[in-house]
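Colleague: My questions will all concern the structure given below.
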Amino acid sequence: MDRRTLIKLLAATAVTGCGPSPSEKKALKVVVAGAGIIGASVAYHLASAGASVTVIDKQAPASHASRGTFAWINATWAKQPRSYHAFTQDSVAYWHQLQQALDLPVRWSGSLEWYSTAERQEKLVGQIAEQIEWGEPARMIDSSEFAELEAKVLFSTGSSAAYSPNDGTVDPIVATQKLLAAAQSLGATIQYPSELTDVTLANGRLVAVETSTGTIATDRLVLATGAAENVIATMADIEVPQRTKPGIIVITKPMPRVLQRIISAPGIHMHQRDDGRIVLGEQDGAPQNEAHALRLEGRPNDYPSPVIAHDHANRMLAVAAQFAPDVQAAQVEAVYIGWRPLPIDGHPVIGSSPNRPDVYVAIMHSGVTLAPIVGQLAARELLTDTLVDSLSPYRPERSFEMIKRY
Ligand SMILES: Cc1cc2nc3c(=O)[nH]c(=O)nc-3n(C[C@H](O)[C@H](O)[C@H](O)COP(=O)(O)OP(=O)(O)OC[C@H]3O[C@@H](n4cnc5c(N)ncnc54)[C@H](O)[C@@H]3O)c2cc1C
Numbered sequence: 378m379d380r381r382t383l384i385k386l387l388a389a390t391a392v393t394g395c396g397p398s399p400s401e402k403k404a405l406k407v408v409v410a411g412a413g414i415i416g417a418s419v420a421y422h423l424a425s426a427g428a429s430v431t432v433i434d435k436q437a438p439a440s441h442a443s444r445g446t447f448a449w450i451n452a453t454w455a456k457q458p459r460s461y462h463a464f465t466q467d468s469v470a471y472w473h474q475l476q477q478a479l480d481l482p483v484r485w486s487g488s489l490e491w492y493s494t495a496e497r498q499e500k501l502v503g504q505i506a507e508q509i510e511w512g513e514p515a516r517m518i519d520s521s522e523f524a525e526l527e528a529k530v531l532f533s534t535g536s537s538a539a540y541s542p543n544d545g546t547v548d549p550i551v552a553t554q555k556l557l558a559a560a561q562s563l564g565a566t567i568q569y570p571s572e573l574t575d576v577t578l579a580n581g582r583l584v585a586v587e588t589s590t591g592t593i594a595t596d597r598l599v600l601a602t603g604a605a606e607n608v609i610a611t612m613a614d615i616e617v618p619q620r621t622k623p624g625i626i627v628i629t630k631p632m633p634r635v636l637q638r639i640i641s642a643p644g645i646h647m648h649q650r651d652d653g654r655i656v657l658g659e660q661d662g663a664p665q666n667e668a669h670a671l672r673l674e675g676r677p678n679d680y681p682s683p684v685i686a687h688d689h690a691n692r693m694l695a696v697a698a699q700f701a702p703d704v705q706a707a708q709v710e711a712v713y714i715g716w717r718p719l720p721i722d723g724h725p726v727i728g729s730s731p732n733r734p735d736v737y738v739a740i741m742h743s744g745v746t747l748a749p750i751v752g753q754l755a756a757r758e759l760l761t762d763t764l765v766d767s768l769s770p771y772r773p774e775r776s777f778e779m780i781k782r783y
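All residue numbers for the sequence shown refer to the working numbering, where the first residue is 378 and numbers rise by one.
Okay, structure coming up:
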């Protein structure tokens, strides 16, 4: 069987599950707005099941959160409650299949995590105990085992760290591009730059979307527009309260291997890809001062100047070098500002708008972890007109409470 047939078979089986066969639904026209990792996965699964898919992006594929992301694939302690943990576990499992089918650059290294205060460490021990109860192979390890796993990372004797062997990382830009390319090979059209500007309804049903590059006739619209302001309210006629916040990601030039696993150390996250590039993420957000507030106005994805970007990157490298001294020699290749699409309760928002049933919302944090399962289940709902039970906690019409998970 050739690769194209395998891709089609895998995704079509995954999408349909029950209900009408893909061919019965193949005339359905779907526009996916947003070519980040979520839009790309939804488009791929829709195209695999025979839908007529057009993906539009106002800028370019993987130009926003799916570029400026740490890209840690995990179902660790932050995924609460248990049903959300199980949902993310399913996505982690599905990543393995997609990786094989599409040759995606995922590295399954596991992660090591620890904190600087006794109080937080104690909490971590409790969180790992819960993970074990929930079926994760996570465990606390001591400094001698840590040294065996991570020879080039300094770790105090007597301390303990959480080891989660199932975790992985992905190059999110390449993964997005490959999902889109696979969708395209199955007949999808990708258009950018093309901004969704309006929807046209007739008798309450969607008939077309307006874009900066023209009108597209469509039966369904998927909003995978990430942290973009006002899009959900305007296009889906529903409020999804978000507390979007920025994070800085530094990518170094390729260097000899320093890090084996994902390291979540006090103040810094880091991992090294198979291509040798180290990815650094800050644990804390930008300082709350006027200069930063001004710089962040309008939610830029890049720094106002390369000098400021490199200053920030060098500060992050210095923090990383406290734990992995070899990282100090790294040369910075890119510095991104990523804006987290973050519904205020920290959970995804997935499903049709109750006010515009043909408009489907897919907005979330941990979108790198969740992209496979969300693409699969959203496509199933869109193509079979059924509701998938495991998505029921994430509907756009739920009442949102502020819960800080990240
Ligand atoms: C600093 C940081 C670290 C993170 N770390 C992790 C992690 O370790 N693990 C993890 O799982 N998740 C992580 N996340 C979250 C994850 O990156 C996001 O959840 C995910 O990338 C969201 O993907 P998306 O496709 O929904 O959004 P995006 O990638 O933001 O894509 C949305 C797209 O929509 C387009 N768009 C917006 N408006 C319109 C319009 N009107 N018309 C057309 N196109 C439009 C934009 O141009 C953009 O390309 C992190 C995020 C950040 C910022």
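Glycine included, each C-beta is placed from N, C-alpha and C at the ideal position.
Model, not experiment: these values are computed from the prediction.
Could you tell me which whole beta strand (DSSP E) segments of length 3 or greater appear in the stretch 629-680?
Modeller: 639-642, 645-649, 655-659
Colleague: Alpha carbon to alpha carbon, how far is S521 from T602?
Modeller: Working through the sequence shown from its first residue, we reach residue 521 at position 144. Working through the sequence shown from its first residue, we reach residue 602 at position 225. Their backbone Cα atoms lie some 45 Å apart in a straight line.
Colleague: Does the distance from the CB of V617 to the CB of D544 come in under 9 Å?
Modeller: The sequence position of residue 617 within the sequence shown is 240, counting from 1. The sequence position of residue 544 within the sequence shown is 167, counting from 1. Cβ distance not < 9 Å, so V617 and D544 don't count as in contact.
Colleague: Return helix, strand or coil for D722, following the three-state DSSP convention.
Modeller: In the sequence shown, the residue the question calls residue 722 occupies position 345. In the three-state DSSP reduction, D722 falls in the coil class, being neither helix nor strand.
Colleague: Taking just the CA atoms, how far does S418 sit from L556?
Modeller: Here residue 556 refers to the residue found at position 179 when the sequence shown is read from its first residue. Here residue 418 refers to the residue found at position 41 when the sequence shown is read from its first residue. If you take the alpha carbons of L556 and S418, they lie about 6 Å apart.
Colleague: Could you give the residue range of the beta strand (DSSP E) that holds L764?
Modeller: Residue numbering aside, residue 764 sits at position 387 when the sequence shown is read from its first letter. Unbroken run through L764: none, as it is neither H nor E.
Colleague: Any heavy atom of ligand 1 inside 8 Å of the beta-carbon of M741?
Modeller: Mapped onto the sequence shown, residue 741 falls at position 364. At least one heavy atom of ligand 1 is nearer than 8 Å to the Cβ of M741, so yes.
Colleague: From what residue to what residue does the beta strand (DSSP E) around T588 run?
Modeller: The residue you call residue 588 lines up with position 211 of the sequence shown. Looking at the DSSP string, the run of the beta strand (DSSP E) that includes T588 is 582-588.
Colleague: DSSP on D467, reduced to helix/strand/coil?
Modeller: To locate residue 467, count along the sequence shown from 1; it is residue 90. Residue state, collapsed to three classes: helix.
Colleague: Alpha carbon to alpha carbon, what distance is there between R634 and R484?
Modeller: Locating residue 484 in the sequence shown gives position 107, where the first residue counts as 1. Locating residue 634 in the sequence shown gives position 257, where the first residue counts as 1. Those two C-alpha atoms are separated by around 14 Å.
Colleague: Thinking C-beta only, is T629 closer than 9 Å to A707?
Modeller: Position 330 of the sequence shown, counting from 1, holds the residue named residue 707. Position 252 of the sequence shown, counting from 1, holds the residue named residue 629. Cβ atoms of A707 and T629: closer than 9 Å.
Colleague: Give the straight-line distance between the Cα atoms of Q699 and E710, rounded to the nearest whole angstrom.
Modeller: To locate residue 699, count along the sequence shown from 1; it is residue 322. To locate residue 710, count along the sequence shown from 1; it is residue 333. Between Q699 and E710, the C-alpha separation is close to 21 Å.
Colleague: Would Y421 and A560 qualify as a contact pair, given that the criterion is a beta-carbon distance under 9 Å?
Modeller: Taking the sequence shown and counting its residues from 1, the one referred to as residue 421 is at position 44. Taking the sequence shown and counting its residues from 1, the one referred to as residue 560 is at position 183. Against a cut-off of 9 Å, the Cβ pair of A560 and Y421 comes out as a contact.
Colleague: Using the C-alpha atoms, what's the distance from W716 back to R676?
Modeller: Here residue 676 corresponds to residue number 299 of the sequence shown, with the count starting at 1. Here residue 716 corresponds to residue number 339 of the sequence shown, with the count starting at 1. Distance between the alpha carbons of R676 and W716: 7 Å.
Colleague: According to DSSP, which residues form a beta bridge with W716?
Modeller: Numbered from 1 along the sequence shown, position 339 holds the residue referred to as residue 716. In the DSSP output, where bridge partners are listed per residue, W716 has P623.
Colleague: Rounded to whole angstroms, how far is the Cβ of E659 from the Cβ of D722, which I believe are closer than 8 Å?
Modeller: Here residue 659 refers to the residue found at position 282 when the sequence shown is read from its first residue. Here residue 722 refers to the residue found at position 345 when the sequence shown is read from its first residue. With 8 Å as the limit, E659 and D722 do not qualify as a contact, their Cβ atoms being about 23 Å apart.
Colleague: Would the C-beta of I414 count as close to ligand 1, meaning under 8 Å from any of its heavy atoms?
Modeller: What you label residue 414 is simply residue 37 of the sequence shown in a count that begins at 1. Taking non-hydrogen atoms of ligand 1 into account, the C-beta of I414 is found less than 8 Å away from one of them.
Colleague: Rounded to the nearest angstrom, what separates A739 and L759 at their Cα positions?
Modeller: Translated into the one-based positions of the sequence shown, residue 739 becomes position 362. Translated into the one-based positions of the sequence shown, residue 759 becomes position 382. Distance between the alpha carbons of A739 and L759: 12 Å.
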